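Going down the list, the protein sequences come from chains A and B.
Read in order, the letters of the first sequence are residues 231 to 340 in the numbering used here.
Read in order, the letters of the second sequence are residues 11 to 124 in the numbering used here.
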Amino acid sequence: QKEVEQDPGPLSVPEGAIVSLNCTYSNSAFQYFMWYRQYSRKGPELLMYTYSSGNKEDGRFTAQVDKSSKYISLFIRDSQPSDSATYLCAIGNQGGKLIFGQGTELSVKP
Amino acid sequence: DVKVTQSSRYLVKRTGEKVFLECVQDMDHENMFWYRQDPGLGLRLIYFSYDVKMKEKGDIPEGYSVSREKKERFSLILESASTNQTSMYLCASTGPGTGKTEAFFGQGTRLTVV
Numbered sequence: 231q232k233e234v235e236q237d238p239g240p241l242s243v244p245e246g247a248i249v250s251l252n253c254t255y256s257n258s259a260f261q262y263f264m265w266y267r268q269y270s271r272k273g274p275e276l277l278m279y280t281y282s283s284g285n286k287e288d289g290r291f292t293a294q295v296d297k298s299s300k301y302i303s304l305f306i307r308d309s310q311p312s313d314s315a316t317y318l319c320a321i322g323n324q325g326g327k328l329i330f331g332q333g334t335e336l337s338v339k340p
Numbered sequence: 011d012v013k014v015t016q017s018s019r020y021l022v023k024r025t026g027e028k029v030f031l032e033c034v035q036d037m038d039h040e041n042m043f044w045y046r047q048d049p050g051l052g053l054r055l056i057y058f059s060y061d062v063k064m065k066e067k068g069d070i071p072e073g074y075s076v077s078r079e080k081k082e083r084f085s086l087i088l089e090s091a092s093t094n095q096t097s098m099y100l101c102a103s104t105g106p107g108t109g110k111t112e113a114f115f116g117q118g119t120r121l122t123v124v
């Protein structure tokens, strides 16, 4: 079983839509949860980071973690064409190990 | 400006060749990682290192080895390159301790094995 599973998509939505991206993980030893965004031909960059269950908001982005279900989500409100990218969830442990999901390719159409 | 630098952006090698991919970071980070990225499979961890001369296997270490002789440099070695190792290779680094798990990535090396 993979340590983190993410629906690879691709996902295509109209501009202004609410986007929901999801991951599940299997090992509760991982305590840090991140979302990275990767534009074409670039390395991933950190978008959101949290270590506790609940919601964390940053502008149009909300990261949600449910440790009891081992489920993490990223919501994008009022999506824009500039949000078109691949979104990767990632989980980390105390020892520094960092595991990524498969990534979801998102396309926001004007 | 933080920097993770990979030695090559594009590389073409022949089957059976020994290949070295180099990565250098200037942030004094303890942890360094090598991932490969393939369509539909995302980033898969090959090896990571949490200290000089220390390494730990990731999910797909077969056919690869690593070297970390200095804190700032982490090398990925393909002992005998094969066509199924054609991929995008990404190096990353993170700082120590709780909460310091933001990873900074290099620009990637696209390796083609022919």
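Backbone N, C-alpha and C fix where the C-beta goes; we use that ideal spot for every residue, glycine too.
Here the structure is a predicted model, which means the values were calculated and not measured.
query, result
"Sub-8 Å separation of Ile321 of chain A and Val249 of chain A beta-carbons", "no"
"For Ser303 of chain A, three-class secondary structure by DSSP", "strand"
"Expected contact under 8 Å - CB spacing of Gln16 of chain B and Cys101 of chain B to nearest Å", "5 Å"
"C-beta contact flag for Leu328 of chain A and Ala113 of chain B at 8 Å", "yes"
"Test: Thr108 of chain B CB closer than 8 Å to a CB of chain A", "A caution first: Thr108 of chain B carries a pLDDT of 48, below 50, which makes its placement in the model unreliable, though a value can still be read off. Taking Cβ atoms only, chain A reaches closer than 8 Å to Thr108 of chain B, which makes this a yes."
"Close Cβ partners of Tyr279 of chain A (< 6 Å) along its chain, the five nearest in sequence each way excluded", "Met264"
"Proximal chain B residues relative to Pro240 of chain A, where beta-carbon distance stays under 8 Å", "Simply none; closest approach about 10 Å."
"Leu51 of chain B and Thr119 of chain B closer than 8 Å at C-beta", "no"
"DSSP-derived helix/strand/coil call for Thr15 of chain B", "strand"
"Of the residues A:Ala259, A:Leu277, A:Pro240 and A:Ala247, the one placed nearest Thr292 of chain A, counting alpha carbons only", "A:Leu277"
"Rounded straight-line distance, which links the Cα of Pro240 of chain A to that of Ser270 of chain A", "14 Å"
"Neighbourhood of Gln310 of chain A by C-beta, 7 Å cutoff - its chain only, sequence neighbours within 5 removed", "Glu245 and Val338"
"Validate contact between the region 32-42 of chain B and the region 55-74 of chain B using beta carbons, cut 8 Å, 3 pairs", "yes"
"Chain B contact for Tyr276 of chain A (CB, 8 Å cutoff)", "The sequence given here has Leu at residue 276 of chain A, not Tyr. It does; some Cβ of chain B falls within 8 Å."
"Pairwise C-alpha distance: Asn323 of chain A and Thr108 of chain B", "Bear in mind that the predicted position of Thr108 of chain B carries a pLDDT of just 48, short of 50, making it too unreliable to give a figure here."
"For Tyr262 of chain A, the residue or residues it bridges with in DSSP", "A:Gly322"
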